[in-house]
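Here is the structure we will look at.
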Amino acid sequence: MINRQCVLITIVYLFAMTAYAHNGEDEHANHHEMQQKATLTTVDYTLPRIKLVRDDGKTVSLPDELNDGRPVILNFIYTTCKAVCPISSQTFSKFQSKLGDDVKKVHMVSISIDPEQDTPERLADYARKFKAGQQWQHYTATAEVSVIAQRAFDVYHGDKMSHTPVVLLRAAPSKPWLRIDGFISADDLYQEYKTLISAQ
Amino acid sequence: MFRNLPQIVWGFRTVSTLCMVTMTMLLIALMAPVSYASDEAINHVGENIYRKGILSSGEMLEAKYEDGGLHMTGADASCVKCHQHSGLGSKEGRISIPPITGRYLFHPRASSNGYLDLPYVEGIRPDHEPYTDATLARAIREGLNSEGKPLNYLMPQYSMNDADMAALIDYLKRLDHGKSPGVTDTVLHFATIITPDADPVKAGGMLDVITNYFAVKNTFPIGATPALRSTRKMMFMANRHWQLHVWRLSGPAAGWQKQLEQHLVEEPVMAVVSGIGGANWAPVHAFCEQAAIPCLFPNVEAPPADADQDFYSLYFTKGVFLEAGLIANNLLKQDSEKASQVVQIYRAGDSGEQGARALTALLAPRGVTVRDSVLTKDMSASDVAKALRDVAAGEVLVLWLRPADLASLGNAPDAFSTVYMSGLLGGLERTPLQSSWRKHTQLAYPFDLPEHRRVGVDFARGWFSIRRIPVVDEQVQADTYLACGLLAEALSHMADTFVRDYLVERMQTMIEHRIVTGYYPRLTLASGQRFASKGGYIVQFSSDKGRNIVPTSEWIRP
Numbered sequence: 013m014i015n016r017q018c019v020l021i022t023i024v025y026l027f028a029m030t031a032y033a034h035n036g037e038d039e040h041a042n043h044h045e046m047q048q049k050a051t052l053t054t055v056d057y058t059l060p061r062i063k064l065v066r067d068d069g070k071t072v073s074l075p076d077e078l079n080d081g082r083p084v085i086l087n088f089i090y091t092t093c094k095a096v097c098p099i100s101s102q103t104f105s106k107f108q109s110k111l112g113d114d115v116k117k118v119h120m121v122s123i124s125i126d127p128e129q130d131t132p133e134r135l136a137d138y139a140r141k142f143k144a145g146q147q148w149q150h151y152t153a154t155a156e157v158s159v160i161a162q163r164a165f166d167v168y169h170g171d172k173m174s175h176t177p178v179v180l181l182r183a184a185p186s187k188p189w190l191r192i193d194g195f196i197s198a199d200d201l202y203q204e205y206k207t208l209i210s211a212q
Numbered sequence: 007m008f009r010n011l012p013q014i015v016w017g018f019r020t021v022s023t024l025c026m027v028t029m030t031m032l033l034i035a036l037m038a039p040v041s042y043a044s045d046e047a048i049n050h051v052g053e054n055i056y057r058k059g060i061l062s063s064g065e066m067l068e069a070k071y072e073d074g075g076l077h078m079t080g081a082d083a084s085c086v087k088c089h090q091h092s093g094l095g096s097k098e099g100r101i102s103i104p105p106i107t108g109r110y111l112f113h114p115r116a117s118s119n120g121y122l123d124l125p126y127v128e129g130i131r132p133d134h135e136p137y138t139d140a141t142l143a144r145a146i147r148e149g150l151n152s153e154g155k156p157l158n159y160l161m162p163q164y165s166m167n168d169a170d171m172a173a174l175i176d177y178l179k180r181l182d183h184g185k186s187p188g189v190t191d192t193v194l195h196f197a198t199i200i201t202p203d204a205d206p207v208k209a210g211g212m213l214d215v216i217t218n219y220f221a222v223k224n225t226f227p228i229g230a231t232p233a234l235r236s237t238r239k240m241m242f243m244a245n246r247h248w249q250l251h252v253w254r255l256s257g258p259a260a261g262w263q264k265q266l267e268q269h270l271v272e273e274p275v276m277a278v279v280s281g282i283g284g285a286n287w288a289p290v291h292a293f294c295e296q297a298a299i300p301c302l303f304p305n306v307e308a309p310p311a312d313a314d315q316d317f318y319s320l321y322f323t324k325g326v327f328l329e330a331g332l333i334a335n336n337l338l339k340q341d342s343e344k345a346s347q348v349v350q351i352y353r354a355g356d357s358g359e360q361g362a363r364a365l366t367a368l369l370a371p372r373g374v375t376v377r378d379s380v381l382t383k384d385m386s387a388s389d390v391a392k393a394l395r396d397v398a399a400g401e402v403l404v405l406w407l408r409p410a411d412l413a414s415l416g417n418a419p420d421a422f423s424t425v426y427m428s429g430l431l432g433g434l435e436r437t438p439l440q441s442s443w444r445k446h447t448q449l450a451y452p453f454d455l456p457e458h459r460r461v462g463v464d465f466a467r468g469w470f471s472i473r474r475i476p477v478v479d480e481q482v483q484a485d486t487y488l489a490c491g492l493l494a495e496a497l498s499h500m501a502d503t504f505v506r507d508y509l510v511e512r513m514q515t516m517i518e519h520r521i522v523t524g525y526y527p528r529l530t531l532a533s534g535q536r537f538a539s540k541g542g543y544i545v546q547f548s549s550d551k552g553r554n555i556v557p558t559s560e561w562i563r564p
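Going down the list, the protein sequences come from chains A and B.
When the letters of the first sequence are read in order and numbered with the working numbering, they come out as residues 13 to 212.
When the letters of the second sequence are read in order and numbered with the working numbering, they come out as residues 7 to 564.
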């Protein structure tokens, strides 16, 4: 079901940051090293034919939601997440305000990796907190379907606490996905989006 | 302030010794409350910043991220969300969030954990320049570590005045007091709580399991554990004797909290594990929150429904509140044309009353008329059938009753086409419901289906058999066994860092990895999630005899 091909590493964003002085004995040294970079890859994913429940309570098909013609920007979140997701969602929030009038042309998609906790009502509350516009929907599912969605985009790590920040961009249906691993600023995300769209 | 006391006293050299002692005592008497109050006030400010993201001015704490555009305020910006209640840090994905209690910040540089005289936690950084108050304030304000290097992207930069900063740093210094009460070099003390309204048979079954579990745990070689200070020593389990204290409460609920406080003074424990209650668990829950003591997975039918807001109490499910959600969901979706009139039967003061109230709250806003037929506490079971007399044909009947009452219902009138009952109160598939009721009745079933949970429960069942534990209530006893197993597993993740808050935090992290989950399909927790299993089924009997049930719904997450 999952057909992905790593085509090209395009850019690596370097953030001037990160933790502590590391030495060979710090088992987390590599982890911090990895968090310093947002790595961009171009990947093909096959969308599984699964049903998700949108934050308005409506049951929808994942391919139908993603293939409505609009460019898609997608991430995975959960509403009780304390460290990574608030940053990712705020980046999305800031990204949407950068879009200006173009905001209507984009579909922003956030899928829960803690679907039993994240009911449509909770997701709607979460969306309001980040001032999600009409183009930005949050989705939940059954526990099993959420795992299928995560596996389809290669973001499944066994449990919600093991998640890593990933943003996925696609200019149009049938086009490959631009995958951004790590933290990326809203400015850089916007630039990536513009580059991707203008290449169409 | 106390450190200056000798100098002050020795300043009065001409005064007689007796006078000096008197004056010293007077000074202590005068100074102590002032000092205590002011330390408390500082600590309170620090705690508010750390836990709630509220500054001493009442304004929200503001956090800015390196990216410039991103910022958080108030609770979202608070330290606790990443560094946790314990201050001992956490791990999210590949990011390990370091401990920030005083002893982890100010310890002398060590080349590895092996040379560090501190309990091991995952995010520990042994080899850094010790922080000072000044470099710590710089870390918080500017995002630079003790060596002037930038901190992780996730660590924001905070604005606060010097007094607030001092209060926060003071709080960090006091946050971690080392080992919790109830922890000695060789023994970990735990309690289990039994309220007087708990079903005595179930309470006996629960106690059988927990005492046996502790006995088996303690048959392994136990001795003074070497301090876990090196990678090589980390290979040892932090193996200690488990001592169980049974806290049986008595009298009216108003007196329970005081009894619990007294128990805790007499028998300090690290945590409360399992236990069993009846209709009222709220005083025990309140005690656990106030005493800051983990209360792990008690057998309760009606836990405080808003426990997600709290920290120390963890539950397997919301009990009758979950059942109310399952029934409401099913009724509104599956039987929407029939759902306009609902009548509920429950015993006054029993858990069913709380379930019934919750169901009313869910149905009434959807235009469903709900009325209650209440059985008084002392009404004999033989009179229960009378409650059915005024139920009209076409009304949906919901039974929040226990087995003795269900057995006394008599034959089901044909007029009742739709009947729901609380599986939890009614005895699940072992309910004594008479055959004429079984074809009409659907059970709220806040557990996994029997065929799905076979593997998860079989292990417990086999263990009960080997240990010759009579199975008086399989679900309660399997839950008790699961609670003990989760405690053992969480402790095994903690090495020798026996800190109460850290136990809760480790539990909420590791529980999702658990494969053998007893009566539940999966268990998940997080900060803000205190009920590990969130859904259930609606089921009915497949025939008018036997225990075979079939689901009439998918897994419902109300």
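For each residue, glycine too, the CB sits at the ideal point set by N, CA and C.
With a beta-carbon spacing of about 36 Å, Arg444/B and Asp314/B fall beyond the 8 Å limit used to define contacts.
Following the DSSP letters along the chain, one finds Asp176/B inside the alpha helix (DSSP H) bounded by residues Asp168 to Leu181. The DSSP-derived three-state label of Thr198/B is strand.
Taking CB atoms only, Glu204/A has no neighbour in chain B less than 9 Å away. Residue range Arg506 to Met516 is occupied by the alpha helix (DSSP H) that includes Met513/B, with no beta strand (DSSP E) assigned at that position. For Met513/B and Ile199/B, the gap between their C-alpha atoms comes out near 20 Å.
Three or more beta-carbon pairs separated by less than 8 Å are not found between the region 89-101 of chain B and the region 464-480 of chain B, which leaves the two stretches without contact. Taking each of Val121/A, Met120/A and Tyr151/A in turn and checking the Cα distance to Leu135/A, the smallest one comes out for Tyr151/A.
Taking the beta carbon of Gly534/B as reference, the chain A residues within 9 Å of it are Thr91, Thr92, Lys94 and Gln129, listed in sequence order. Around the beta-carbon of Glu65/B, fewer than 16 other beta-carbon atoms lie within 10 Å, marking it exposed.
Counting C-beta pairs closer than 8 Å gives three or more between the region 78-90 of chain A and the region 120-127 of chain A, which meets the contact rule.
Cβ neighbours of Tyr71/B within its own chain (closer than 6 Å, five residues either side excluded): Pro162. At least one C-beta of chain B is nearer than 9 Å to the C-beta of Phe195/A. Considering only beta carbons, the part of the region 515-534 of chain B lying closer than 7 Å to chain A consists of Thr515, Glu518, His519, Arg528, Thr530, Ala532, Ser533 and Gly534, in chain order. Identification of residues in the region 100-111 of chain B having a C-beta nearer than 9 Å to some C-beta of chain A yields Arg100, Ile101, Ser102, Ile103 and Pro104, given in sequence order. Contact check for Tyr56/B against Ser96/B fails: the beta carbons are separated by 9 Å or more.
Using a 10 angstroms sphere on the CB of Asp214/B, the tally of other CB atoms reaches 16 or more, which defines it as buried. In this structure, Tyr205/A lies near Phe107/A, with their beta-carbon atoms less than 9 Å apart. The beta carbon of Pro75/A lies closer than 7 Å to those of Leu59 and Arg61 in the same chain, with the five residues before and after it left out.
Annotated three-state conformation of Trp287/B is coil, per DSSP.
9 Å or more divides the Cβ of Leu111/A from the Cβ of Tyr168/A. A Cβ-Cβ separation of about 5 Å places Asp67/A in contact with Pro132/A under the 8 Å criterion.
Taken through DSSP and simplified to helix, strand or coil, Glu560/B comes out as coil.
Counting of Cβ neighbours within 10 angstroms places His269/B among the buried residues, the total reaching 16 or more. The beta carbons of Pro304/B and Tyr321/B sit closer together than 9 Å. Along the region 532-560 of chain B, the positions whose C-beta sits under 7 Å from a C-beta of chain A are Ala532, Ser533, Gly534, Gln535, Lys540 and Gly541, read in chain order.
In the displayed model, Ser441/B falls within a helix according to three-state DSSP.
Closer than 9 Å to the CB of Leu76/B there is at least one CB belonging to chain A. Here Gln146/A carries a coil assignment [DSSP, helix/strand/coil]. Contact of Ile99/A with chain B is assigned, a C-beta pair being separated by under 9 Å. Beyond the five residues adjoining it in sequence on each side, Arg459/B comes within less than 6 Å, by CB distance, of Tyr525 in the same chain, given in chain order. The CB of Met120/A never comes closer than 8 Å to any CB in chain B; the least such distance is about 17 Å. Counting C-beta atoms within 10 angstroms of its own C-beta, Asp80/A has fewer than 16 neighbours from the protein chains shown and is therefore classed as exposed. Collapsing the DSSP output to three states places Leu493/B in a helix. Assignment of Val127/B by DSSP, reduced to helix, strand and coil, places it in the coil class. Contact with chain A is absent for Ser165/B, since none of that chain's Cβ atoms lies less than 9 Å from the residue's Cβ.
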